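J.: Numbering (our numbering), first residue to last: 12 to 112.
C-beta atoms are modelled at their ideal positions from N, C-alpha and C, and glycine is treated no differently.
Keep in mind that this is a model prediction, so the values were computed, not measured.
For reference, the structure I am asking about is given below.
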């Protein structure tokens, strides 16, 4: 993000690593985490928000066709809303890696 206000920005990306705020949220895991932003992001007007990328480490061998949903939880005041997004996650496991298991 630039130094100007959000009104001057048409689009931007925010990276939210699961291990970025361990001092604030020590119970964070790769599957469920919160990230403290360096400064608040205040959006005025209407904005469209999307998930552009998700990284699934190869250590998650339990993700398959039976379990390929993720949820995005966002909080506003005292209201907590959950959106469940069904999205196919295609996992390709190297044959060499499978034989080591």
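(1) At the 8 angstroms Cβ level, is residue 32 part of the contact set with chain D, yes or no?
(2) Please determine, among 48, 20, 25, the residue with the shortest C-alpha to C-alpha distance to residue 64.
(3) When the Cα atoms are used, what is the spatial distance from residue 49 to residue 30?
(4) How many Å lie between residue 59 and residue 52 at the Cα?
(5) Between which residues of its own chain and residue 109 is the CB-CB distance below 7 angstroms, once the five residues before and five after are set aside?
T.: To lay it out plainly:
(1) Looking at the structure shown, chain D is missing, and only one protein chain is on hand.
(2) 25
(3) 15 angstroms
(4) 14 angstroms
(5) Because the pLDDT of residue 109 is 47, which lies under 50, any placement of that residue in the model is unreliable, and the number read from its coordinates should be weighed accordingly. Once the five neighbours on either side are set aside, residue 109 has no close Cβ partner at all.
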